[in-house]
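As given, the protein sequences belong to chains A and B, one line each in that order. First residue of the first sequence? That's 90 in our numbering, and the numbers climb one at a time after it. First residue of the second sequence? That's 13 in our numbering, and the numbers climb one at a time after it. The C-beta atom is built at its ideal place from N, Cα and C for all residues, glycine as well. Every value quoted in this text rests on a predicted model; they were computed, and no experiment measured them.
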Amino acid sequence: MKASALRRWAIQAALLLAVGGLFALAIANARANLLARGIPTSFAFLNQVAGFSLNQSVIPFTPLSSYGRALLVGLLNTLMVSALAGALATFIGFAAGFARLSRNWALARLAGLYVETIRNLPLLLQILFWYVAILSPLPAPEHAHQFAGFFLSNRGLTMPALSFAQGWPAIDWPFFDPSVNRFNVEGGLRLPPEACALILALALYTGSYIAEIVRAGVQAVPRGQSEAAAALGLSAAQARRLVIRPQAMRVITPPLISQYLALTKNSSLAAFVGFADLMQVSGTILNQTGAALQVIAIDMALYLSLSLATLALMRLYERRLRWGGRG
Amino acid sequence: MTDSFIRSQPAPKRPPPNMAPPFLKLARENLFGDATSSLITVGIVALIVLAAPPLWRFLIADAVWSAPDGALCRAPGAGACWAYIAAKTPFFIYGSYPPDQRWRVDLAFVLAAGLIVWLLWPRAPRKGVAAFGFFVVLPFVGFALLSGAPSLGLPRVGTNLWGGAMVSLLVALAGIVVALPGGVLLALGRRSDLPALRWVCAGLIEFVRGVPLIAVLFMANAMLPIFLPPDWSPDRLLRPMFGIALFASAYMAEVARAGLNSIPSGQAEAAQALGLGRVATLRFVVLPQALAAVIPAIVNNFVALFKDTTLVAIVGIFDFLHTVDAARLDPKWAGPTIAATGYVFAGLFYLVFCLAMSSYARGVERRLAAGRRQDSI
Chain A
90 MKASALRRWA IQAALLLAVG GLFALAIANA RANLLARGIP TSFAFLNQVA
140 GFSLNQSVIP FTPLSSYGRA LLVGLLNTLM VSALAGALAT FIGFAAGFAR
190 LSRNWALARL AGLYVETIRN LPLLLQILFW YVAILSPLPA PEHAHQFAGF
240 FLSNRGLTMP ALSFAQGWPA IDWPFFDPSV NRFNVEGGLR LPPEACALIL
290 ALALYTGSYI AEIVRAGVQA VPRGQSEAAA ALGLSAAQAR RLVIRPQAMR
340 VITPPLISQY LALTKNSSLA AFVGFADLMQ VSGTILNQTG AALQVIAIDM
390 ALYLSLSLAT LALMRLYERR LRWGGRG
Chain B
13 MTDSFIRSQP APKRPPPNMA PPFLKLAREN LFGDATSSLI TVGIVALIVL
63 AAPPLWRFLI ADAVWSAPDG ALCRAPGAGA CWAYIAAKTP FFIYGSYPPD
113 QRWRVDLAFV LAAGLIVWLL WPRAPRKGVA AFGFFVVLPF VGFALLSGAP
163 SLGLPRVGTN LWGGAMVSLL VALAGIVVAL PGGVLLALGR RSDLPALRWV
213 CAGLIEFVRG VPLIAVLFMA NAMLPIFLPP DWSPDRLLRP MFGIALFASA
263 YMAEVARAGL NSIPSGQAEA AQALGLGRVA TLRFVVLPQA LAAVIPAIVN
313 NFVALFKDTT LVAIVGIFDF LHTVDAARLD PKWAGPTIAA TGYVFAGLFY
363 LVFCLAMSSY ARGVERRLAA GRRQDSI
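Printed below as a string of structure tokens:
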């Protein structure tokens, strides 16, 4: 007994020593390499002037702003794109998931075709397809497709927005007037084509995964449940709302949350189309300052905290289920 | 009272009743069950009628099937430019690999494909030999073939010339070769009763799973040269391959852990009662069952891995999608339909590979389910 305990300690100590030694070696190498190449080793560069502009920003940003602010813009853009794509993906996913369960054969097959095709294509291919093959050949703002105040052109999608410019909430309608701006639609909220392609591709891609989650969740509710609901005199709609949905949502929600997390991580593919998300901004900063270590550390920390926050949310939800539920 | 009738001969056999409902009835029930259903069916038919002709014209009828350059494809009204795909196929497959050396690539991938079929074929004998060949011999032979071995008369070919489908498959294969054993080891470490080992493995797994693959690739590309001694400077293709392998191992570890968790502890206890040691218990009792139970999840992981290989383009590697995307800028062919043609072609390539893997996973799932059903009776 004592010998085996001793061996356990020895193994663990050796492991920790090896890991620590690896880290120490890496840090020593890094210091030597960084000094040799004249790369900054502190976070002071965050306060320096960035000197580049970004194609999308929810907070004021000019080329004179600092690197730190550029990273903040990137983070906010990542969150914005993820939120928009997440909402759209949820809608698409639930619609396609229910459609696959439909009694209508044609609808079920159509939804199945969507899910099977989109899931088996790389997300990057889809983003590039939407960006290069669909959105770029759109007409110039002069000949933009217009629908209910929405303008779709090769400069992106411009939509009506809530504006507080005059001090009270008013709708800011986009318009195209050659005398004001010959090259773009003015007013409203504009999503550049990069963001449109990213949101569209992310929503369709994640939607196909959510569709499968929804289908599995609904199918996980035993048939006896709806039969029992019918026996109690509930209508089909009531049974769906009061019996099936609460039970299906229990199965659906945890994987749904991990899909949102995957979507947020996948939004880093923005770097391929040049949308100013966290990854793209950090890539630019990395190239300008050479501070690879610091920039990547910041990125990792931000993405990790997003992941951990989502995981904590999921644990909370699961605990609530245990309390309320099956005993 | 006498029996009025006793049959002396069996009644003539009648054909079994036709239980399958007639086609029209099926169609009526499944397409026009009620008003909403009819409306949906009409809508879908309208969609097909609207979408199919333009697609047919673009992909088949108006497509340019053979042309010396892009002039015909640039003509107004021309559809997909398949001639461009035909002209660029060698580039899409081999990148800039020297044409007279391309047999080496073919040989390496025929070898890999043979070993994979051997491994996956349900009734193939001597899978241990195949596994040894795939996980141990293939990496060395493949490296010697692709990169060159002057002592064997194979001239060196720098990785800057590699590209196309060959790089995509290579990165994916390297990911599989590393991730399967690596993932299993990480999963075992995470379940170990040594706290330090558990923490290290869990930390590595959760860290890698918590960040996007692009960040891992950036890290591998920018930080490996910083962390290693200056004269080691890893090859530019090796760095993203390291990142992909690390990423795939972390995801594989979670799949392997699910498999290990699905094996009742009675199995290990029974093995120990029979006198098997810890390693033998793992090797002959626990791991075979655990991995077999999660084969579908493993294959799905490889589908994801194969799709993810497209991201190595972020560090400047010319994988299949990147070569297709770069080739559309060739002034000889550039035209309005080239981009769409290239992406449709690339889409078909990925679809074929991923669907093949997915359907294999589904077949295994069905076989496993059948086996379990028999056990429970």
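So the candidates are the options; which of them puts its Cα closest to the Cα of residue i?
i, options, result
"S50 (chain B)", "A:L196, A:T179 and A:A117", "A:L196"
"T335 (chain B)", "B:K100, B:V76 and B:D46", "B:K100"
"R340 (chain B)", "B:Y96, B:A227, B:A270 and B:R40", "B:Y96"
"N209 (chain A)", "A:A380, A:Q336, A:V307 and A:S297", "A:S297"
"S146 (chain A)", "A:L168, A:T130 and A:G182", "A:L168"
"A284 (chain A)", "A:W219, A:P344 and A:G372", "A:W219"
"L161 (chain A)", "A:I181, A:D366, A:F187 and A:E407", "A:D366"
"G182 (chain A)", "A:A305, A:F239 and A:N376", "A:A305"
"A75 (chain B)", "B:L59, B:A92, B:P65 and B:G82", "B:A92"
"L1 (chain B)", "B:T293, B:L62, B:D320 and B:P33", "In the structure as shown, chain B starts at 13 and stops at 389, and residue 1 (chain B) therefore has no counterpart that could be examined."
"S396 (chain A)", "B:A177, B:N172, B:R221 and B:R138", "B:R221"
"P344 (chain A)", "A:A222, A:A159 and A:I302", "A:I302"
"G89 (chain B)", "B:Q21, B:A63 and B:I72", "B:I72"
"S245 (chain B)", "A:G110, A:Q101, A:L106 and A:N118", "A:N118"
"A316 (chain B)", "B:I275, B:M369, B:G328 and B:Q279", "B:M369"
"F132 (chain A)", "A:R404, A:A381, A:S394 and A:L391", "A:A381"
"L164 (chain B)", "B:A142, B:R116 and B:A63", "B:R116"
"V169 (chain B)", "B:L249, B:P224 and B:R19", "B:L249"
"W94 (chain B)", "B:L380, B:N30, B:E377 and B:T349", "B:T349"
"L227 (chain A)", "A:A172, A:F180 and A:P281", "A:P281"
"S142 (chain A)", "A:L393, A:F236, A:R192 and A:Q369", "A:Q369"
"F240 (chain A)", "A:P263, A:S225, A:A222 and A:A259", "A:P263"
"A185 (chain A)", "A:S357, A:A325 and A:V307", "A:V307"
In the DSSP assignment, what residue or residues form a beta bridge with residue i?
i, result
"D331 (chain B)", "B:G176"
"G250 (chain A)", "Rather than Gly, the amino acid found at residue 250 (chain A) in this sequence is Ala. Beta-bridge pairing links A250 (chain A) to A:D261."
"G296 (chain A)", "None; G296 (chain A) has no bridge partner."
"F240 (chain A)", "A:Q235 and A:T247"
"A161 (chain B)", "B:L166"
"L280 (chain A)", "A:L246"
"G107 (chain B)", "B:W174"
"E275 (chain A)", "A:F264"
"V138 (chain A)", "A:S155"
"V228 (chain B)", "Its beta-bridge partners do not exist; DSSP assigns none."
"C93 (chain B)", "B:V76"
In chain A, which residues lie with their C-beta within 7 Å of the C-beta of residue i?
i, result
"D337 (chain B)", "L217"
Taking residue i as the query, report the chain B residues whose CB atoms sit under 7 Å from its CB, ordered along the chain.
i, result
"A159 (chain A)", "The contacting residues do not exist; A159 (chain A) stays about 17 Å from chain B at best."
"R97 (chain A)", "L206"
"N166 (chain A)", "The contacting residues do not exist; N166 (chain A) stays about 14 Å from chain B at best."
"A115 (chain A)", "F239"
Along chain A, in chain order, which residues have C-beta atoms closer than 8 Å to that of residue i?
i, result
"A227 (chain B)", "S357, M368, I385, D388, M389 and Y392"
Check the Cβ of residue i against every Cβ in chain B and list those closer than 8 Å, keeping chain order.
i, result
"F364 (chain A)", "The premise fails here: F364 (chain A) is roughly 13 Å from chain B at the closest Cβ pair, so nothing lies under 8 Å."
"Q101 (chain A)", "L206, P207, A208 and L209"
"F361 (chain A)", "A325 and I326"
Under 9 Å Cβ-Cβ, which residues of chain B neighbour residue i?
i, result
"V108 (chain A)", "A208 and V212"
"K91 (chain A)", "Near K91 (chain A) there are no residues of chain B at all, since even the closest Cβ is about 17 Å away, more than 9 Å."
Legend entry - Segment contact flag, the region 288-304 of chain B with the region 251-265 of chain B, C-beta cutoff 8 Å, min 3 pairs: no
Legend entry - Interface positions of the region 219-233 of chain A facing chain B (Cβ-Cβ less than 9 Å), listed along the chain: V221, A222, I223, S225 and P226
Inset, instruction - Could you name the residues of the region 176-203 of chain A whose beta carbon sits closer than 8 Å to any beta carbon of chain B, in the order they occur along the chain? - result: S191, R192, N193, W194, A195, L196 and L199
Legend entry - chain A contacts made by the region 343-374 of chain B, where a contact means CB separation under 8 Å: P348, A351, A352, Y355, A358, G359, Y362, L363, C366, L367 and S370
Inset, instruction - Assess, as a yes-or-no matter, whether the region 352-365 of chain A is touched by the region 324-339 of chain A under the definition of 3 or more beta carbon pairs within less than 8 Å. - result: no
Inset, instruction - For the region 304-328 of chain B, enumerate the residues whose C-beta is nearer than 9 Å to any C-beta of chain A, in chain order. - result: V315, F318, K319, D320, T321, T322, L323, A325 and I326
Legend entry - Stretch-stretch touch, CB-based, cutoff 8 Å, three pairs: the region 268-280 of chain B with the region 188-203 of chain B: yes
Inset, instruction - Taking only beta carbons into account, state which residues of the region 126-155 of chain A come closer than 7 Å to chain B, listed in chain order. - result: none
Legend entry - Contact the region 274-286 of chain B vs the region 209-221 of chain B: 3+ CB pairs below 8 Å: no
Inset, instruction - Give a yes or no on contact between the region 147-167 of chain B and the region 185-197 of chain B, applying the rule of three or more CB pairs nearer than 8 Å. - result: yes
Inset, instruction - Pull out every residue of the region 233-250 of chain B whose Cβ sits closer than 8 Å to any Cβ of chain A, in chain order. - result: A234, M235, P237, I238, F239, L240, P241 and P242
Inset, instruction - For the region 389-405 of chain A and the region 139-155 of chain A, state whether three or more C-beta atom pairs, one from each stretch, are separated by less than 8 Å. - result: no
Inset, instruction - Examine the Cβ distances between the region 79-93 of chain B and the region 340-350 of chain B and report whether three or more of them are shorter than 8 Å. - result: yes
Inset, instruction - Decide if the region 354-364 of chain B is in contact with the region 243-255 of chain A; the criterion is three or more beta carbon pairs, one per stretch, under 8 Å apart. - result: no
Inset, instruction - Tell me, please, whether the region 314-334 of chain B touches the region 172-180 of chain B by the rule of three or more beta-carbon pairs shorter than 8 Å. - result: yes
Inset, instruction - Would you list, in chain order, the members of the region 161-191 of chain B that have their beta-carbon closer than 9 Å to a beta-carbon of chain A? - result: none
Legend entry - contact_flag[the region 202-211 of chain B, the region 232-250 of chain B] where n(CB pairs < 8 Å) is 3 or more: no
Inset, instruction - Please confirm if the region 314-329 of chain A is in contact with the region 192-206 of chain A, defined as three or more CB-CB distances below 8 Å between the two stretches. - result: no
Legend entry - Members of the region 258-278 of chain A that neighbour chain B once the beta carbon cut-off is set at 8 Å: none
Inset, instruction - Report yes or no: do the region 237-247 of chain A and the region 272-281 of chain A share at least 3 C-beta pairs separated by less than 8 Å? - result: yes
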